[in-house]
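Using our numbering, read the sequence shown as starting at 14 and increasing by one per residue.
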Amino acid sequence: MAEHDSNSEYTVSQEQLLYAKFLEKGMIIGLVLLILTFAIYASGIIKPFIPKNEVSLYWSHTVTDYLHMANVHAGWAWLGMLGYSDFLNFIPIAILAGTTMICFLCIVPTLWRKKDKTYATFALLEAVILAVAASGILGSGGH
């Protein structure tokens, strides 16, 4: 939590700085990879699963219909399709989505050293909840 000093200004705690540092790095890595994977897709260096001239045929359909029509499986099946340029962009999306979980894990040791066991436990539980939600083991889809 932010601490209040006598000048009515707020100081930033060590764990807030650490969280922000990892969030910034994760965002930069994800954004750079997103641009790179789009460039690979747009350039045609690697063949896409759905040819670029057919992409617009799927725009008006629901996700369920698209998955069925394109013969693509939901969830983590995209990991098996990374040989196609239109699935490479899932890597930076997963990095961007997972960055928050990593940030929570990174602040746990700092909170624990400060003997702030309540916040350390909450940060750890939040990371676990995010991991479980992303995994799909509860039947939520896991994307």
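From the three backbone atoms N, C-alpha and C, an ideal C-beta is built for every residue, glycine too.
Checklist entry - Can we say the segment 96-115 touches the segment 55-65, given the rule of at least three CB pairs closer than 8 Å? => result Three or more Cβ pairs drawn from the segment 96-115 and the segment 55-65 lie within less than 8 Å of each other, which places the two stretches in contact.
Next on the checklist: Whole angstroms are fine: how far does the CA of His86 sit from the CA of Ser26?
Outcome noted: Straight-line spacing of the CA atoms in Ser26 and His86 works out to 44 Å.
Checklist entry - By how many angstroms is the C-alpha of Trp91 removed from the C-alpha of Phe135? => result Between the C-alpha atoms of Phe135 and Trp91 there is a straight-line separation of about 31 Å.
Checklist entry - With 16 other CB atoms within 10 Å as the buried threshold, where does Ile158 fall? => result There is simply no residue 158 to check, as the chain begins at 14 and stops at 156 in what is shown.
Checklist entry - Between Ser73, Ala140, Leu80 and Val76, which lies nearest to Gly111 when the distance is taken from Cα to Cα? => result Scanning Ser73, Ala140, Leu80 and Val76 for the CA closest to the CA of Gly111 turns up Ala140.
Next on the checklist: Please report the straight-line C-alpha distance between Gly88 and Ile104, rounded to a whole angstrom.
Outcome noted: The C-alpha of Gly88 lies about 13 Å from the C-alpha of Ile104.
Checklist entry - What do you get for Glu22, buried or exposed, if any count of 16 or more other CB atoms within 10 angstroms of its CB means buried? => result Classification of Glu22: exposed, given that the 10 Å Cβ count is below 16.
Item to check | The alpha helix (DSSP H) enclosing Ala55, as first and last residue numbers | outcome: Under the DSSP assignment, Ala55 falls in the alpha helix (DSSP H) whose first and last residues are Gln27 to Ser56.
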